[in-house]
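Residue numbers (our numbering): 536 to 774. Glycine included, C-beta positions come from ideal geometry on N, C-alpha and C. On a predicted model such as this, the values are computed, not experimentally measured, just so you know. First comes the structure, then the notes that go with it.
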Amino acid sequence: MDATIKPRPTIHTPSPDRRQKALGFGFVGLLSLLAGMTDAIGFLRAGDFFSFMSGNTTRLAIAIAEGHSEAILRLALILGAFVVGNASGVLVVRRSGIRQWPLLLAVGLIATLCAACAGPEPYPPIYLTLVLAMGMLNAAVESVAGHPLGLTYVTGALSRFGRGVGRFLCGERHLGFGYQILPWGGMLVGAIIGALLLKHLGEDALWCISALALVLAAASFTVPYHWVHESFGLGRVIR
């Protein structure tokens, strides 16, 4: 009886090609730009961040310390809407068969609803739907070619970039940390664009958020399904 144990066959996972990487990183930049636009317009129009929850958490803590009940309620609702948005985004991606475009379509339609319903008052309740949409946006990209990338939380991106610089100075020559500058740059450029749009268009600047989200949804619709995993990291099991 032959007791020789045969080695398991090596499974080679194909690495993403340059087009898949370029697509993924391009979407990261544009989606972060969308988040930056929304954050700037929301902050200048309503006085609160719509995607930057670190800032809202600090402001909530200050409101609690100072006993401002109205601000406490408003900021708590914003944080809650953002969390619900993140959960909803994952559900949309999973229920649509691990696809990105239905999620971006939902974000675009929510932004359209917000633009259509927002009135002249500084803080209409409909703005909470835009916070929900920004939460959903985070589920559009999990990683690109194995590099984890956030869309609306650039603090983490800058932290990963800084730590990568530190490791490089210690002799490690892995340059993947450079990709972390993409979401930060997208957020920065988007915020500048959002501020300029609000300055020149006023309340109609909200329609630009809707238009960009719908354009990205249409672009995502053309992405081959077998690219979704490597370009956007969707469908990966995250523990």
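(request) Pair every Cβ in the segment 642-653 with every Cβ in the segment 680-695, then say whether three or more of these pairs are closer than 8 Å. (result) No: the two stretches stay apart, fewer than three of their Cβ pairs being nearer than 8 Å.
(request) Taking 8 Å as the cut-off, decide whether the C-beta atoms of Leu566 and Gly624 are in contact. (result) Position 31 of the sequence shown, counting from 1, holds the residue named residue 566. Position 89 of the sequence shown, counting from 1, holds the residue named residue 624. Going by C-beta atoms, Leu566 is not nearer than 8 Å to Gly624.
(message) Using a 10 Å radius around the Cβ and a threshold of 16 neighbouring Cβ atoms, would you call Ala596 buried or exposed?
(response) Within the sequence shown, numbered from 1, the residue matching residue 596 stands at position 61. Looking at its Cβ environment, which holds fewer than 16 other Cβ atoms inside 10 Å, Ala596 is exposed.
(message) With distance defined between alpha-carbon atoms, name the residue in Phe560, Trp636, Leu741 nearest to Ser678.
(response) Counting from 1 along the sequence shown, the entry for residue 678 is found at position 143. When each option's Cα is compared against that of Ser678, the closest is Phe560.
(request) Would you kindly work out how many angstroms separate the C-alpha atoms of Glu765 and Val689, rounded to a whole number? (result) Taking the sequence shown and counting its residues from 1, one reaches residue 765 at position 230. Taking the sequence shown and counting its residues from 1, one reaches residue 689 at position 154. One C-alpha to the other measures close to 22 Å.
(message) List, from N- to C-terminal side, the alpha helix (DSSP H) runs of 4 residues or more that fit wholly inside the segment 632-669.
(response) Within the segment 632-669, the complete alpha helix (DSSP H) runs of at least 4 residues are 636-652.
(message) Can you confirm whether Leu723, when its beta carbon is compared against all beta carbons of chain B, has any partner nearer than 8 Å?
(response) Considering every chain present, this structure includes no chain B. It has just one protein chain.
(request) Find out if the Cβ-Cβ distance for the pair Ile607, Ala598 is shorter than 8 Å. (result) Position 72 of the sequence shown holds residue 607. Position 63 of the sequence shown holds residue 598. For Ile607 and Ala598, yes; Cβs fall inside 8 Å.
(message) Please report the distance separating the alpha-carbon of Phe703 from that of Leu614.
(response) Here residue 703 refers to the residue found at position 168 of the sequence shown. Here residue 614 refers to the residue found at position 79 of the sequence shown. Phe703 and Leu614 have their alpha carbons spaced roughly 36 Å apart.
(message) Per the DSSP calculation, Pro683 is bridged to which residue(s)?
(response) In the sequence shown, residue 683 corresponds to position 148, counting from 1. DSSP output for Pro683 lists Ser678 as bridge partner(s).
(message) Give me, in chain order, the residues of the same chain whose beta-carbon lies closer than 8 Å to that of Leu667; leave out the 5 immediate sequence neighbours on both sides.
(response) Residue 667 sits at position 132 when you count from the first residue of the sequence shown. A distance below 8 Å between beta-carbons, with the five flanking residues on each side excluded, links Leu667 to the following residues of its chain, in chain order: Ala616, Phe617, Val619, Gly620, Ser623, Ile645.
(request) Give the DSSP-derived three-state secondary structure of Glu707 in the structure shown. (result) Translated into the one-based positions of the sequence shown, residue 707 becomes position 172. Glu707: coil per DSSP, three-state reduction.
(request) Taking only the alpha-carbon atoms, compute the straight-line gap between Ile727 and Ile576 and give it to the nearest angstrom. (result) Residue numbering aside, residue 727 sits at position 192 when the sequence shown is read from its first letter. Residue numbering aside, residue 576 sits at position 41 when the sequence shown is read from its first letter. The straight-line gap from Cα to Cα measures roughly 10 Å.
(message) Taking its Cβ as the centre, do 16 or more other Cβ atoms sit within 10 Å of Arg580, making it buried, or is it exposed?
(response) Here the question's residue 580 lines up with position 45 in the sequence shown. The residue in question, Arg580, is buried, as its Cβ has 16 or more Cβ neighbours within 10 Å.
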